[in-house]
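Numbering (the numbering used here), first residue to last: 299 to 359.
We put the CB at the ideal spot given by N, CA and C, even for glycine.
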Amino acid sequence: DLESAEEVFITSTTRNLLPVRQIEDRVLKTRDRVWEALGKAFEGYVGTYVAEQRAVPASER
299 DLESAEEVFI TSTTRNLLPV RQIEDRVLKT RDRVWEALGK AFEGYVGTYV AEQRAVPASE
359 R
């Protein structure tokens, strides 16, 4: 249930994680602890992945 959720966020391949603050006229309570932790973890993953891909020549991918 959105009404009782401590945090709500959406995911996207182009925008990563985005917190949801409001749905229509309903303002949601937010704490952002999970969203911030997931965002940092995902940024770390992407950074590592990109660095690894750059280290491999395109012809070998």
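Can you tell me whether DSSP reads residue i as helix, strand or coil?
i	result
L300	helix
L315	strand
Nearest-angstrom Cα distance between residue i and residue j?
i	j	result
A356	E350	12 Å
V354	V348	10 Å
V332	E322	23 Å
R324	V318	11 Å
Inspect the beta-carbon positions of residue i and residue j and report whether they are closer than 8 Å.
i	j	result
G337	L315	yes
E301	T328	no
Using CA atoms only, rank isn't needed, just tell me which of the options is closest to residue i.
i	options	result
E293	T312, L326 and E358	With the chain running from 299 to 359 in the structure shown, residue 293 is simply not present.
Every unbroken alpha helix (DSSP H) within the stretch 314-358, with a cutoff of 4 residues, ordered by chain: List check, alpha helix (DSSP H) in window: 331-353.
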